[in-house]
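Residues in the sequence shown are numbered consecutively from 1, following the UniProt record's numbering. Even for Gly, the Cβ is constructed at its ideal location relative to N, Cα and C.
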Amino acid sequence: MPDFIRIDPHSRVPPYEQIRTSVANAAAKGEIPVGYKLPTVRALADRLAIAVNTVARAYRELEQAGVVETRGRSGTFVAAGGDDQRAEAVAAARDYADAIARLGLGPQEALDIVAAALRQGHR
């Protein structure tokens with residue numbers, strides 16, 4: 001059973017959202033590869049001691065977001081879409097790093113610029 005899926009029972013974040021976020025983040029970071037088979041809804045619900053419908057909702061939302069795909073009775077798997085998005089982000093980061101180097105700015109200044117842009121809502 002994967003350790004990256006955890007529930008904090010004291011959190012104000014609903015359990016289905018904690019599951020959704022855990023899986024989405026792990027997929028985006030490459031911690032779980034494309035094609036990785038997630039636990040069944042029932043198995044994960046049993047392990048986390050939560051309702052089956054809670055896990056089912058998390059998996060549905062992950063599927064709608066393109067993070068996972070359900071293959072009938074075969075199970076739920078990490079989808080390739082997450083890797084494509086990460087690859088695009090890595091390419092954009094490399095382009096940005098090249099531009100910053102051409103401008104003669106240092107790494108910390110480059111990070112500060114990105115942080116400021118993200119705070120302003122620019123993506």
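With distance defined between alpha-carbon atoms, name the residue in the options nearest to residue i.
i      : options                           : result
Gly30  : Ser74, Val78, Gly104 and Arg119   : Val78
Ala58  : Ala117, Ser11, Gln18 and Ile113   : Gln18
Arg73  : Val67, Lys37 and Ile113           : Lys37
Ala117 : Gly104, Ile32, Tyr96 and Ile7     : Tyr96
Ser66  : Ala24, Gln120 and Ile7            : In the sequence under discussion, the amino acid at residue 66 is Gly, which differs from the Ser named in the question. Nearest of Ala24, Gln120 and Ile7 to Gly66, Cα basis: Ala24.
Ala92  : Gly106, Gln108, Val114 and Leu105 : Val114
Arg47  : Leu103, Gln120, Ile7 and Gly121   : Ile7
Whole-angstrom Cβ separation of residue i and residue j, contact assumed at under 8 angstroms?
i     : j     : result
Thr54 : Pro9  : So it is not a contact: roughly 12 angstroms between Cβ atoms.
Arg20 : Glu61 : 5 angstroms
Val34 : Ala80 : 5 angstroms
What does a CB cutoff of less than 6 angstroms around residue i pick up in its chain, not counting 5 residues either side in sequence?
i      : result
Asp98  : none
Ser22  : Phe4 and Ile5
Ile100 : Ala110
Gly75  : Lys37
Return the chain-ordered list of same chain residues with a C-beta closer than 7 angstroms to the C-beta of residue i, the five sequence neighbours on each side being excluded.
i     : result
Ala51 : Ala45
Glu63 : Glu69 and Thr70
Thr40 : Gly75
Ala56 : Val41
For the stretch 26 to 103, which segments carrying the alpha helix (DSSP H) assignment without a break, of at least 4 residues, lie completely within its bounds, in sequence order? Listed in chain order, the complete alpha helix (DSSP H) runs (minimum 4 residues) inside the stretch 26 to 103 are 41 to 48, 52 to 64 and 81 to 103.
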